[in-house]
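A.B. asks: This is the structure I want to talk about, given as structure tokens.
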Amino acid sequence: MVLSKSILGCLTLLIFVLSGCATTPKPREGKGAPKVALVLGGGAARGFAHVGVIRVLEQEKIPISMIVGTSVGSLIGGLYAADPNSFNLEWLAFSIEKEDIFDYSVVYSKMGPVQGDRLEKFVQTKAKVKNLEQMKIPFFPVATDLNTGQTWVFEKGSVARAVRASSTIPGIFQPVEINGRTYVDG
């Protein structure tokens, strides 16, 4: 009986001591803090769901260190990287009209009926920054070199032109030429 009381006492003490070890670790700060890269893909109109994801990240105070996007993900990502405010982004996303993006060519092109100039102009106007290097959050649109099939990540240059290249759906939008290379949706 004395032995069982001793064992019970030791177990109680052990549980008490170990319960102090069950604290939540503090988040790392400074140089070793985790980084979040937001990667946004395509999906045409469904891509506007990215706005909701960004809103939740903002509400949860999860900082975004960089944004990578392709197709509509580059459009949403580029607009947010230029102005990191989910309310402004949501308003902008819901106010986009087809005429803001689609400019059908009067001249037939086997590469696609939509020129893409309006999309480029829309991004140029709404992003309010000219070059990728000026973004408030580092932003990297992704496209595909039409001639080689190689994936290309834009790191510098025109935001609007890079987003247009990344959003150029083959057969719908006409390919975009940048620095002697022809690009389509990444």
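Residue numbers for the sequence shown follow our numbering, so the first one is 30 and each next one is one higher. From the three backbone atoms N, C-alpha and C, an ideal C-beta is built for every residue, glycine too. Remember, it's a predicted structure, so these values are computed and weren't measured experimentally.
Can you tell me where the beta strand (DSSP E) holding Gly98 begins and where it ends?
C.D. replies: Start and end: 95-98.
A.B. asks: At what residue ranges does the segment 75-125 contain a whole run of the beta strand (DSSP E), taking only runs of 3 or more?
C.D. replies: You should have 95-98.
A.B. asks: Return yes when the Cβ of Gly145 is within less than 8 angstroms of the Cβ of Phe202, no when it is not.
C.D. replies: Cβ distance < 8 angstroms, so Phe202 and Gly145 count as in contact.
A.B. asks: Between which two residues does the alpha helix (DSSP H) carrying Thr154 extend?
C.D. replies: Element bounds for Thr154: 146-156.
A.B. asks: Please say whether Ile96 and Ala73 have beta carbons closer to each other than 8 angstroms?
C.D. replies: Result no, Cβ atoms of Ala73 and Ile96 do not sit closer than 8 angstroms.
A.B. asks: Who are the near neighbours of Cys50 in its chain, counting only those whose CB is closer than 8 angstroms to its CB and skipping five residues on each side?
C.D. replies: Confidence at Cys50 is low in this model, with a pLDDT of 49, below 50, so the placement of that residue should be treated as unreliable; the coordinate-derived value is given next. Taken in chain order, the list of residues that qualify is empty.
A.B. asks: Pair every Cβ in the segment 116-135 with every Cβ in the segment 162-175, then say whether three or more of these pairs are closer than 8 angstroms.
C.D. replies: Output reads no: the segment 162-175 does not touch the segment 116-135.
A.B. asks: Taking the alpha-carbon positions, what's the Ser94 to Ile166 distance?
C.D. replies: Spanning the two alpha carbons is a distance of roughly 7 angstroms.
A.B. asks: What's the C-alpha gap between Pro113 and Arg147?
C.D. replies: Cα to Cα, Pro113 sits roughly 23 angstroms from Arg147.
A.B. asks: Classify Asp132 as helix, strand or coil using the three-state DSSP reduction.
C.D. replies: Reduced to three states, the DSSP call for Asp132 is coil.
A.B. asks: Quick check on DSSP: helix, strand or coil for Leu175?
C.D. replies: Note: Leu175 maps to coil in three-state DSSP.
A.B. asks: Name the one or two DSSP bridge partners that Leu161 has.
C.D. replies: Paired residue(s): none; Leu161 is not in a bridge.
A.B. asks: DSSP on Leu43, reduced to helix/strand/coil?
C.D. replies: Caution is warranted here: a pLDDT of 45 is assigned to Leu43, below 50, making its placement in the model unreliable, and the coordinate value is therefore given only provisionally. In this structure, Leu43 counts as helix in the three-state DSSP scheme.
A.B. asks: So, helix, strand or coil for Val182, using DSSP?
C.D. replies: Three-state result, Val182: strand.
A.B. asks: Mapping the DSSP letters down to three states, classify Val68 as helix, strand or coil.
C.D. replies: Val68: strand per DSSP, three-state reduction.
A.B. asks: Whole angstroms are fine: how far does the CA of Val101 sit from the CA of Leu69?
C.D. replies: Each residue's alpha carbon lies about 8 angstroms from the other.
A.B. asks: So, are the CB atoms of Ile91 and Gly98 less than 8 angstroms apart?
C.D. replies: No, the pair does not count as a contact, with Cβ atoms beyond the cut-off.
A.B. asks: Assign Gly107 to buried or exposed, taking buried as 16 or more other Cβ atoms, counted over all protein chains shown, within 10 Å of its Cβ.
C.D. replies: Buried, since its Cβ has 16 or more Cβ neighbours within 10 Å.
A.B. asks: Could you tell me if Pro170 is buried or exposed, where buried requires 16 or more neighbouring beta carbons within 10 angstroms of its beta carbon?
C.D. replies: Answer is buried; the Cβ neighbour count reaches 16.
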